[in-house]
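Residue numbers (my numbering), protein chains in the order written: chain A, 1 to 237; chain B, 238 to 1208. Just so it is clear, CB atoms sit at the ideal spot from N, CA and C, and this is done for glycine as well.
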């Protein structure tokens, strides 16, 4: 009962996600503000711990006093928010894309260990949508003709590792990972929010979205100019 | 010397003992001591594995040996386990033994040692225990790293209900470490300064992801998962069967699912002992077994269920041909469907060479099985269904089973069909109601629709054949379309036989016959009352003639809109109970009992009326009060109908609320539902609808209520009617007041008449000028032409003052008299003012009238008023201008003129009262009257409208200047 409502909400949002232009048509929207708005919406949705962490803790029995206090994010797994703000736009998108790849990998493992939890599959499809929007947004950056390719569901996964010998530690690590993921998405949402509220936004509306992004990218990381955006599979953190 | 002797003796003893020992060694075999002892740990199973060898065995020698194994915990002296392990031993054999520890092996250090002896009676010299091996230390913590706090065992799998021991190992001796299972603290015992053990008894299954057990120190936290599995059950209802003798389908009930996360699921295996074949089943509830082509008939199948903790099995033994469960038949068809018959065909799947199947045909109608038949079938089946009802939907189904060795029926296969129509099978149930109106019989026929089982199709119409029994050649046919359930006929005084048939598309039903005789039989039978019950109305009657074919009881509610109902009864019946769901409480039903003669003529036997349940009246009658006197009044409710009430009215209760506590004679004091006290008078006769309330107190106030009552109760005590009793003298007063009033009116009439007389006497009316004598004088003087003064004829340049003589009011124009001569009189003056259009002399008449000039004459204003020449021009012009004068007339007297009928012979009196110059009347003698200002005089003149001016509204020239007093204007 507890997981029904988020599942229903997830389903509706996934349906909306399926109607996003990049996924359905295979082509990207040239409207960077629309992409940012969608990404903001997706990231805001994913930062909610009721999507993943809470169901995970419930099914693993970690939502009891004495245990849930130890379900804290382990430092170093996901970048901190200030580090994200310091990245250039291209660098930020690369980092986000890479981290989401890791998240997909980890969710695949969790999904195999907990096949009855349907939320993992739903969130994975949602992350595919986010990565497609990242790809499209990256296309608007200068020199982006060979950047990351859009993500297709099912092509991301690598074989899951065998279960940890210490299942208890594995449970806790999964919990800590998911908490870090939600925090990370919260930080990502703040970065996107800053992008949308940045002065370049108004200028871009008056002039060109390409120009606005280009300008922001040049300001934050001039060294990226002219460099090729690596394909999605080679994106590094 | 003594010392030497002691040394010698000792040497001899030592030598002796050495020789004894040497003789033993050389004569007995060497001891078989376990060697090369190795101890290992299986953490998953928490087992210690021991392996060793026994040396000193000769080739091909096999000895039965016993090994004693000791296990110590923490320290060697703390032996916790001693076990003797017997096994045959051969040369160079590696021996194994395992021991499962209740306490996780990682918790503390374990020590193991072993010794042996030969357990063979043929070698008694080796049956003593060998020496112990050295202690082997087993320390699992050494390989676990340096975690500050660890909980053991890791990922323990146990069955539900087990007892489990866990421990934590802390690298530093901390005292405040707490442990909990699923958030509930657990308590244990200390094994060593750094180790604490906990015993969990009867653990229960909580979730597939395991039970969380964890320990927390201020700086660390560690935990483990206890996977508690449900106990694997033995499969239930294990059964195998075949549909085609080619494969077996085995099913079972697995019971609880013991699947856990990270743990292998329970698995099922089929093993056939005759063939030795095994099959791992893919499903948990069923499995297919391929039958060998060599037509193995007998099978001994074992189903094995196992998981990591337990193994269960169940076996069945059977002959393949005894487990045939055929597939369901197919190609089911119905053919040759008629109104009552149909033929059903179907096919069956062949069961190998196994030939005959037993098939069961079931016919369902209206949801229940009507017919059931068994048919032997090889490939094609057929069955003839008979005794069917026309126009009825049936479902026919068929299933089959092995005929020789019945095992199970196949699933049903069915088909739906509907039989054809047939002619209605029975005559409609007809009844009639006969009324005689103006010598004719109004016959209303009723019939009930045929039931579906009798109609055999949709009834299209009803035929009514009317046969005149007195004139057999006269037959009349009426066809009444369905779904009518009756008709009305008007018949004469002859006898008639009426045939009613129902018709569908196939044919006609038998006829229902009734006879209407000349005498309708509605003789005056007194109506009796009947009391209904919950079961209905119980009626009984006495047969009047022995030759009857039956009886009919009909009934209807009092409401004429409701349809007549009837019940047919046999000839030997003299009583019945009429039941109907339509019976309602408080409704009167009228029953009639008829006997039907052999000529099918109905004779009325009895009439009954009654209620299924009487109710109290719901309304009270409208009561009128009459004959109100000072001591009585009369109540009447003659419009109240006793027949249309919810019960038989037995009488009335008259309630009276008196002003005194005592009730009148005949009344009883009763308490009403509102606790008020009232006087009640009971009227037992329901037809008595008047009541006189007597012995009342004059000039008092009463309230009354009339309510009917039935056997159940009386009507509502809703509203009492108030009556005020007059006093006893009021009628006397009426006898006095009326004559006095008449006299007073008469007196007023007399007074009025007297006042008229007094008025005529004291204040006579103005004389009519036409009746004046002056007219006769004028007529006489001027050629006898009676005329009235023409204004145009007046000469405005002179004024004549005519002295009025007492007794004669006639003044002549042109007669001049001095003013002094007029002292004894009170003359009135008329000024005739000059006009521009004056064309000639004419007679002017001046009148005096005391009636109108009384005030003026009294004040002497009827004198000559001098007109000063200083008169404002405007006013002068106003007065002298004919137009202005005309306007003045129009403004001030248009009503007077309008109200005056214009005519040649009419006279108008115009007068002038007030004058702004009246104060100058004393100057009259010195200033003769001027021609300009007449307004200072009260004048009265008669003007002939025919000559002067028809109407002031006309714009004619006027030479007469007058100002009229409105208040004195009369006609």
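Closer than 7 Å at the beta carbon, the chain A residues around residue i
{"i": "residue 453 of chain B", "result": "66"}
Residues that residue i contacts on chain B, provided the C-beta gap is smaller than 8 Å
{"i": "residue 61 of chain A", "result": "419, 443, 444, 446, 447, 448, 449"}
{"i": "residue 32 of chain A", "result": "Within 8 Å Cβ-Cβ: nothing; residue 32 of chain A doesn't reach chain B, min ~44 Å."}
Buried or exposed by the 16-neighbour rule on C-beta atoms within 10 Å, applied to residue i
{"i": "residue 331 of chain B", "result": "exposed"}
{"i": "residue 966 of chain B", "result": "exposed"}
{"i": "residue 66 of chain A", "result": "buried"}
{"i": "residue 563 of chain B", "result": "buried"}
{"i": "residue 843 of chain B", "result": "buried"}
{"i": "residue 427 of chain B", "result": "exposed"}
{"i": "residue 531 of chain B", "result": "exposed"}
{"i": "residue 279 of chain B", "result": "exposed"}
{"i": "residue 981 of chain B", "result": "exposed"}
{"i": "residue 353 of chain B", "result": "buried"}
{"i": "residue 178 of chain A", "result": "buried"}
{"i": "residue 869 of chain B", "result": "exposed"}
{"i": "residue 344 of chain B", "result": "buried"}
Through-space distance from residue j to residue i, alpha-carbon basis
{"i": "residue 171 of chain A", "j": "residue 316 of chain B", "result": "38 Å"}
{"i": "residue 453 of chain B", "j": "residue 117 of chain A", "result": "29 Å"}
{"i": "residue 88 of chain A", "j": "residue 106 of chain A", "result": "26 Å"}
{"i": "residue 823 of chain B", "j": "residue 888 of chain B", "result": "17 Å"}
{"i": "residue 954 of chain B", "j": "residue 935 of chain B", "result": "26 Å"}
{"i": "residue 549 of chain B", "j": "residue 505 of chain B", "result": "9 Å"}
{"i": "residue 483 of chain B", "j": "residue 538 of chain B", "result": "16 Å"}
{"i": "residue 174 of chain A", "j": "residue 282 of chain B", "result": "26 Å"}
{"i": "residue 1246 of chain B", "j": "residue 402 of chain B", "result": "Only positions 238 to 1208 of chain B appear in the structure, and residue 1246 of chain B is not among them; the question remains open."}
{"i": "residue 661 of chain B", "j": "residue 874 of chain B", "result": "56 Å"}
{"i": "residue 124 of chain A", "j": "residue 182 of chain A", "result": "14 Å"}
{"i": "residue 522 of chain B", "j": "residue 495 of chain B", "result": "14 Å"}
{"i": "residue 304 of chain B", "j": "residue 351 of chain B", "result": "7 Å"}
Residues bridged to residue i (per DSSP)
{"i": "residue 427 of chain B", "result": "B:433"}
{"i": "residue 684 of chain B", "result": "B:667"}
{"i": "residue 182 of chain B", "result": "The structure shown does not extend to residue 182 of chain B, since chain B is modelled only from 238 to 1208, so the question has no answer here."}
{"i": "residue 749 of chain B", "result": "B:737"}
{"i": "residue 418 of chain B", "result": "B:421, B:450"}
{"i": "residue 724 of chain B", "result": "B:682"}
{"i": "residue 583 of chain B", "result": "B:618"}
{"i": "residue 715 of chain B", "result": "B:701"}
{"i": "residue 608 of chain B", "result": "B:600"}
Interface partners of residue i on chain A, CB under 9 Å
{"i": "residue 283 of chain B", "result": "Within 9 Å Cβ-Cβ: nothing; residue 283 of chain B doesn't reach chain A, min ~15 Å."}
Closer than 9 Å at the beta carbon, the chain B residues around residue i
{"i": "residue 168 of chain A", "result": "388, 391, 392, 447, 449, 450, 451, 459, 460, 461, 462"}
Contacts of residue i in chain B (Cβ-Cβ under 7 Å)
{"i": "residue 70 of chain A", "result": "458"}
Residue i: CB within 7 Å of a non-hydrogen atom of the ligand HEM
{"i": "residue 275 of chain B", "result": "Judged by which ligands are present, the structure shown has none, so any question about the ligand HEM falls away."}
Note to self: I want to know whether the region 433 to 452 of chain B touches the region 404 to 419 of chain B - three or more CB-CB distances under 8 Å.
What the structure shows: yes
Margin query: If contact is defined by three or more beta carbon pairs under 8 Å, each pair taking one atom from either stretch, is the region 382 to 393 of chain B in contact with the region 405 to 415 of chain B?
Written below: yes
Check: Do the region 328 to 345 of chain B and the region 424 to 438 of chain B make contact, defined as three or more Cβ pairs closer than 8 Å?
Finding: yes
Notebook entry, point to check: Is the region 766 to 786 of chain B in contact with the region 812 to 826 of chain B, if contact means three or more CB pairs nearer than 8 Å?
Noted result: yes
Notebook entry, point to check: Is there contact between the region 705 to 718 of chain B and the region 659 to 667 of chain B, where contact requires at least three CB pairs shorter than 8 Å?
Noted result: no
Notebook entry, point to check: Does the pairing of the region 675 to 691 of chain B with the region 721 to 739 of chain B give three or more beta-carbon distances under 8 Å?
Noted result: yes
Note to self: Check whether the region 848 to 861 of chain B and the region 937 to 952 of chain B are in contact - that is, three or more C-beta pairs closer than 8 Å.
What the structure shows: yes
Item checked: Contact the region 626 to 633 of chain B vs the region 594 to 609 of chain B: 3+ CB pairs below 8 Å -> A contact is defined here as three or more CB-CB pairs under 8 Å, and the region 626 to 633 of chain B meets this definition with respect to the region 594 to 609 of chain B.
Item checked: Any 3 or more C-beta pairs closer than 8 Å across the region 287 to 298 of chain B and the region 318 to 333 of chain B -> With a cut-off of 8 Å, the region 318 to 333 of chain B and the region 287 to 298 of chain B count as touching, because enough Cβ pairs lie within range.
Next item on the list: Could you say if the region 573 to 585 of chain B and the region 643 to 656 of chain B meet the contact criterion of at least three C-beta pairs nearer than 8 Å?
Entry: yes
Margin query: Using a Cβ distance threshold of 8 Å, determine whether the region 732 to 742 of chain B contacts the region 690 to 698 of chain B, with at least three qualifying pairs required.
Written below: yes
Margin query: Three or more C-beta pairs under 8 Å: does that hold for the region 121 to 136 of chain A against the region 32 to 51 of chain A?
Written below: The region 121 to 136 of chain A vs the region 32 to 51 of chain A: in contact.
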